[in-house]
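Colleague: In this note's numbering, the protein residues as written are 77 to 189. Idealized CB from N, CA, C, for every residue including glycine. Keep in mind that this is a model prediction, so the values were computed, not measured. Could you have a look at this structure, given as structure tokens, before my questions?
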Amino acid sequence: RRLLTFGSPDLQVAVGKSELLYHYHAHSLASQSDYVDTLLCSPAAKREQEKWRISFPEIEVETWEKMMKYLAPGKHPTLDDLQEIIPFYDQFQFHDGLRYCDMILSRYIPSDK
């Protein structure tokens with residue numbers, strides 16, 4: 077893989093009231109969320125020393141970690157996790173995450189056949 081050619085992460089994400097910082101590649105996270113993509117293109121995104129910084133103070137750290145975990149292939153959320161992350165996937169336009177959650181939820185809905 078050539079992922080190493082992307083260099084170090086250029087996006088700082090402050091999560092929760094404690095503003096715990098996570099580091100991502102901006103293009104990678106923006107490809108997962110229309111909200112992040114739009115935010116990074118706006119003057120609201122703070123750029124410090126060649127890095128962007130965005131904040132999600134309304135998302136608890138544990139919830140954010142679950143959201144990121146289930147964006148990776150092969151991870152299967154519990155029903156409790158689904159109830160926790162779906163509203164934020166929806167609010168912040170993580171469309172692939174939301175579709176994946178819908179697919180998992182559909183397994184729990186009885187078929188009329």
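Only counting the same chain, and skipping five residues up and downstream in sequence, which positions put a Cβ closer than 6 Å to that of F170?
Modeller: So the qualifying residues of the chain are Q108, S109.
Colleague: Can you name the start and end residues of the alpha helix (DSSP H) that A106 belongs to?
Modeller: Counting along the chain, the alpha helix (DSSP H) containing A106 begins and ends at 102 to 108.
Colleague: Leaving out the 5 sequence neighbours to the left and right, which residues in its chain are closer than 7 Å to L181 when beta-carbon positions are compared?
Modeller: Same-chain partners within the cutoff: L158.
Colleague: For D172, I'd like the list of residues in its chain whose CB is within less than 8 Å of its CB, leaving aside the five on either flank, ordered along the chain.
Modeller: Q108, L147, listed in sequence order.
Colleague: Can you tell me the Cα-Cα spacing of L174 and T154, whole angstroms?
Modeller: Taking the straight line joining both Cα atoms gives about 14 Å.
Colleague: What residues are listed by DSSP as bridge partners for K145?
Modeller: K145 pairs with nothing; no bridge assigned.
Colleague: Just grab the DSSP bridge partners of S131 for me.
Modeller: A90.
Colleague: Would you please state the rounded distance, in angstroms, between the beta carbons of Q88 and K127? I believe it to be under 8 Å.
Modeller: That belief holds up - the Cβ atoms of Q88 and K127 are roughly 6 Å apart, short of 8 Å.
Colleague: If you reduce the DSSP assignment to three classes, tell me which class Y98 lands in.
Modeller: The answer is strand: DSSP assigns Y98 an E or B state.
Colleague: So which of Y165, S187, C177 has the shortest CA-CA distance to V112?
Modeller: The shortest Cα separation from V112 among Y165, S187, C177 belongs to Y165.
Colleague: From G83 to H101, what does the alpha carbon distance come to, in whole angstroms?
Modeller: Rounded to whole angstroms, G83 to H101 spans 9 Å at the Cα level.
Colleague: When you compare each of W140, L116, T114, S104 to L97 by their alpha carbons, which one comes out closest?
Modeller: It is W140.
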